[in-house]
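Input: a single structure, listed below in structure tokens.
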Amino acid sequence: MLKFYYHPTPNPLKVALFLAETDLPYELVPVDTAKGVQHTPEFRAINPNGKVPAIDDNGTLVFDSTAILLYLSDKTGKLGVAAEERGALLSWLMFIASGLGPFSGQSVHFHHSAPEDLPYAKNRYMREAERHYQVLNDHLKGRDFIVGDSYSIADVSAWGWAIRGDRVLGGEGLKQYPEVARWFEAVNARPAVEKAQQIGKDETFKTPGDEASLRALFPSNYVNV
Ligand SMILES: N[C@@H](CCC(=O)N[C@@H](CS)C(=O)NCC(=O)O)C(=O)O
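Numbering follows our numbering, with no gaps: position 85 of the sequence shown is 762.
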């Protein structure tokens, strides 16, 4: 059975939503990143990049949420798009994977977790997160879905970050991007979203905050240079 290496954070949540949408059977493997489980040799054998999500599909190892969404969509034939929309699908998936997601994550880091107050970094990452949300907002005008006329892994991928939109963007959160807010409300109302959010609820994940968890999550802060 497919093993799903999970922590309740944006990138694994995308895969959780795919699994909830498709009812694909899986075994949940919690990875407590605040405890540093992602750095163990056992987990590095699954994902050499030491991050979640990852899957083990009967010996086929796939890491990175976007790779997993593409792999599972291709394998199951679900939540993909028509051939003529494939270019658009890849473009929007990469826009989320390399832009909207990382800039959102770094903005949250510099606003809430960085050991020093760095106004330049806070401004740079917040402005780039906002710019990506504006690009998505402009694209969604007159559209119900990110690619074509149907719900696809592009929507699943963007949902994983949009669900944290208020924390990422601060202030009025997603409301500052009305087309994104409209799209998000529709996706977030899908029954699978509730199912996805229940995944791992029986597990106890450590709340980060103490030094051990900061060392696990931000090891580069502790490298002597
Ligand atoms: N590009 C990767 C990023 C994965 C990633 O950053 N995962 C975070 C959780 S959302 C993580 O594992 N954090 C723990 C750590 O960095 O040690 C993906 O899309 O899967």
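For every residue, glycine included, the Cβ atom is placed at its ideal position computed from N, Cα and C.
Note that the coordinates shown come from a computational prediction; the quantities given were computed from them, not determined experimentally.
Sub-8 Å separation of residue i and residue j beta-carbons
i, j, result
"I823", "A835", "yes"
"F720", "L705", "no"
"D695", "V833", "Sequence check: residue 695 is Phe here, not Asp. Yes, these two residues count as a Cβ contact at 8 Å."
"P687", "R841", "yes"
"H684", "F882", "yes"
"G757", "I876", "no"
"L679", "P702", "yes"
"A893", "G713", "yes"
"A759", "G819", "no"
Coil, strand or helix - residue i by DSSP
i, result
"L795", "coil"
"Y828", "coil"
"Y899", "helix"
"F822", "coil"
"K691", "helix"
"I732", "strand"
"L701", "coil"
"Y682", "strand"
"P707", "strand"
"F780", "helix"
"T753", "helix"
"T737", "strand"
"R872", "Sequence inspection shows Lys at residue 872; the Arg mentioned does not correspond to that position. Helix at K872."
heavy atom of ligand 1 below 7 Å from residue i C-beta
i, result
"L894", "yes"
"G727", "yes"
"N688", "yes"
"T884", "no"
"T743", "yes"
"P702", "no"
"T710", "yes"
"H789", "no"
"Q715", "yes"
"H786", "no"
"P718", "no"
"H684", "yes"
"A858", "no"
"P796", "no"
"A869", "no"
"P707", "no"
Residue i, buried or exposed, once every other Cβ within 10 Å from all chains shown has been counted against 16
i, result
"D815", "exposed"
"M803", "buried"
"Y854", "buried"
"N865", "exposed"
"N898", "exposed"
"Y810", "buried"
"Y797", "exposed"
"V692", "buried"
"V729", "buried"
Practice item. Count the CB pairs spanning the segment 840 to 848 and the segment 776 to 786 that are closer than 8 Å, and state whether there are at least three. Key: yes
Review point. Below 8 Å, can you find three or more Cβ-Cβ pairs linking the segment 719 to 734 to the segment 762 to 775?
Key: no
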